[in-house]
Each structure stands twice: as C-alpha cells, then as structure tokens.
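If you read the sequence shown in my numbering, its first letter stands for residue 93, the second for the next number, and so on.
Everything below concerns the one structure shown next.
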Amino acid sequence: MEELSLQDLQRAATSHLRLLPHLKRCSSNGYIPRVATRIIDNYEPAREAFESCLLVPGGRFSLTRTKDSLQLWDLGNSAHSIIGSTPVASQKVGEQDIGEPVRCEMIGLHQTTDGMGLIVHLAVDPLEGHRDYRRYDHYVIYPLETCPKFCLLASACIESQADNETMTTAQELAIFTESNFVVIWNYVSDTWIQWQSDMTVSYGETYICNSYLIVAADGAISVFAMPPLQPRIQNEPVPVITHKPMYQLMHRKNVNDSYIVSDPWCDRTPPDAISNYIDIIHNTNAGGWVLDHYVLCPIKMTGSSAKLPTAFPIHEHEAHTSDEEVSDHVQMAWITPRDAVILFGSGSSLTIQLLTLPETEGGAVTQYPSCRMWTAGDETEYCFDFCSFAGRACIRDEMRPCEIRVIDYVP
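This is the structure we're talking about:
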C-alpha cells in the first residue's frame, strides 16, 4: 500500500472483480486473450531448469523450484511490471542426512499465523535410486521484507511408508496416506501417530478443516478427529493406534477418481469458527466430470454430543460437463460467494470455466462455456498455477524448461 499510487492500488484491489465480467464476455468466443506475457528465465550459466512453479495468493510473488533449489520471484502488481533477472530470494537444498545429490519437491504452501509470511513444505530424496526414508524440510520466508530469505523452520528424515504414499500439509501438520494407513506428523512439536485404514486413498483426496481430517474416497466423505500425537523418537517406528471416522457420508457412485479442490488458503478462520464449504470433483464412468458443492453447517454441541464434529457437510449444488477429462491438474477458486472458476490442465491446452450458483435454493448452476487460456505443443507436459485475485497464471512446459511464462488476463 505504501508503494502504489491510489489509482494503482484501486486497480490491483479490484482485479478479481473485473475478471468475472471479462470471463463472461470471453466465454462466447471460447478463448480469453492475454493482456501481457512475461518470462522468468534460468538461462544463465550454472542455473538449472525449472521443475515447478507456484503463485503466492495475491499474485505478486511466485515460488519456483529447480532440481535442488527454491526461488522467490517478485512479479510486480501490474501486468507491465518488469521482472528482475534474478530471484529476490534463493535457497539451495542441502544434502544433510542423505550424503549424496538430492532432488526436492514442493508439496505444500501455507501462510504464517500473522498472515505476513509463507511456509514452504519440501520433500527431499536422493537424486538417484531409492531410500527407505525421505527428508522433509519446512522453510519460512517473509516476501515483503527488504531482503527476504528462506529460514529453515523444521527438518526431519521420516521412513517412507510406501512407494505410492501421498502427502497433504496444513499449517503445522503433514498427513501421509496410502491404501491402508494414515500418518499425521506435527513438524513443529515433532510428534506423530499412525492408524490403519481400510480406505483406498490417493492424491487429492484428503483435506484438513477445523482440526478434522476429511477424506473423500471409496464413494464416501469420512471425517476423522485429530487424535493425540506422541513424540517422534529417532529410529523408532511411528506409534500405531485404532482410530475410526466420526462419521461417513456416502456421496456419488460410479466415479473413477475424486479430488477435493477446496482452496486451503480459505481455511483461515478463528479457532471457534468453521470454514464455509468443501468442493469435490469426480471423474465419472460415463466420461466428463461432476462437481459437488457441500456447505458446512455448524452443529450445536451439548454434553452428550461432545465427540461429534462441529460442522456437517450438506450437499447444496452440483455441476456436470462432458467437455473435459479431469486429472490432478485441476484447480478451483471462488471469486465471489456465488461465482467460481475451474481450471483444467488436460491434453495440450489450459482451459478455464466459470460457474455461478443460483440465487434461490433448488435452482440450477449456471455453467458458462470453457475458455482456452493457453495452448501447448502436442504431447507436451506442463504444470501451471493460477491466481484468481490477480487474474494471473504461471506456466512451465517441457519444451522450454528454463522458462516460466507469467500471463496476465485481466484488462
């Protein structure tokens, strides 16, 4: 606010409101034009190719990852801001506890409790071969400082439970899931616990909400209370307990995969409050996808119901389409309480679709035609991230691995 003029501040603060009518206008053409395209590049000697990118909510900053390093870039508030030739902060991932070249992976991004900093979660593996454990590093950085830097918050080597395990992060917690177990680790207090599960849980099917673990798998929404955690002892296995869900809510049948696409950044609520919604998108057996929108309704607690959750998901709306094939390359964000955008990174193009909830109960969801945002080459692998507040996307593809495209769409 100190850097921008009043006009620039007003424009930056209302970009998400201008994105909504812009998408409605472009939906009839099937294509959303770009306002500007800028490039982050790593072509200088001794630099490595990018492997992934993330936009920090608000759109001004971007996190990028190479094989063994992490960078923070200042993209500016305007589509015409000049991106510096070097990142404002960079961190080389060390080889401690592994003793050989490593490869890192960004697995989560959250804000600090004061809202001014970022917590970045990394998984670190040997560059070659496989080990029975992974190292998890958790860095904190404050982007608006004069000289921001990555500071190691916590680090630990934890035994890999399975080759196909997945991980979800939420503030101080890391949740490991596989087909028959759940492990919860608090990396700040370095405490953990494990319980056996008969659910088949894969990527994108877990979500932390109001101190509950929500799992959307096997055709049901299962809600688990957080059990007491026990201190993690080096070289000792994780303690195992018996833990059952507080309740299970059966939802949709005849689906191949389900992904929880609720924005984790919207879960910043006071301790006694609840988040507003859960969105689950499914691949259907008939082709295409269906989106289920659940509203979390609070439950009044009494002495006899103290073990019940504080909120219960009520199914409110659904949307169907046969245009897109859903994979884990899907994002969803709410622009207003009634308007949401869904981005699909499928095939050789990135598309966006606008959904509007009805004003009255029982009405139909308005689905606007999809808009193509970007086209890749044939069979080109790419990753993307989108900030609906700024109307800005970051895209990295295999054809130009040393570049990150920064594309602004809001006029």
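Here a beta-carbon is modelled for each residue, glycine too, at the ideal position from N, C-alpha and C.
Asked	Found
Do you know offhand how far A105's Cα is from D133's?	28 Å
What residues in its chain sit with their C-beta under 6 Å from that of E187, if we drop five residues either side in the sequence?	V194
Could you tell me which residues DSSP pairs with P390 in its beta bridges?	A403
I'd like the span of the alpha helix (DSSP H) that includes R130, first residue to last.	Segment 128-133 is the beta strand (DSSP E) holding R130; no alpha helix (DSSP H) there.
Can you tell me which of M198, I313, T283 puts its alpha carbon nearest to the alpha carbon of E297?	I313
Going by beta carbon distance, what residues of the same chain come within less than 8 Å of V185, once the five residues before and after it are set aside?	D160, S161, L162, V194, C196, L214, V216, D229
Taking Cβ positions, are A308 and H343 nearer each other than 9 Å?	yes
Helix or strand or just coil, what does DSSP make of A105?	helix
I need the straight-line Cα distance from F476 to V232, nearest angstrom please.	23 Å
Give every residue of the same chain whose Cβ lies closer than 6 Å to the Cβ of D434, excluding the five residues on either side of it in the sequence, and list them in chain order.	Note on identity: in this sequence residue 434 is Ile, with Asp being the wrong assignment. Once the five neighbours on either side are set aside, the close Cβ partners of I434 are M424, Q445.
How close, in whole Å, do the beta carbons of L167 and S173 come, if the pair is a contact with beta carbons under 8 Å?	7 Å
Give the straight-line distance between the Cα atoms of L388 and I372, rounded to the nearest whole angstrom.	13 Å
Starting from P218, trace the beta strand (DSSP E) in both directions and tell me its first and last residue.	210-218
Starting from the Cα of Q54, find the closest Cα among L265, H374, V382, R130 and give me that residue.	With the chain covering 93 to 503 only, the question about residue 54 has no answer from this structure.
Name, in chain order, the residues that DSSP records as bridge partners for S161.	K184
Helix, strand or coil for D229? Go by DSSP, reduced to three states.	strand
Cα separation between S120 and R464?	11 Å
What are the boundary residues of the beta strand (DSSP E) that F504 is part of?	No statement about residue 504 is possible, as the shown extent of the chain runs from 93 to 503 and does not include it.
What does A317 pair with, by DSSP beta-bridge criteria?	Y304
Which first and last residues belong to the beta strand (DSSP E) in which L65 is found?	Residue 65 lies beyond the residue range present for the chain, which begins at 93 and ends at 503; the question has no answer from this structure.
Please tell me whether, using a cut-off of 8 Å, the distance from the CB of V332 to the nearest non-hydrogen atom of the ligand ATP is below it.	Only the bare structure without any ligand can be found here, which leaves the ligand ATP out of the picture.
Nearest CA to the CA of G437: which residue from F481, L447, C486, H407?	C486
So, at 6 Å on beta carbons, what are the nonlocal neighbours of Y202 in its own chain, with the 5 sequence-adjacent residues on each side left out?	Checking the sequence, you will find His at residue 202 rather than Tyr. Same-chain partners within the cutoff: I211, Q263.
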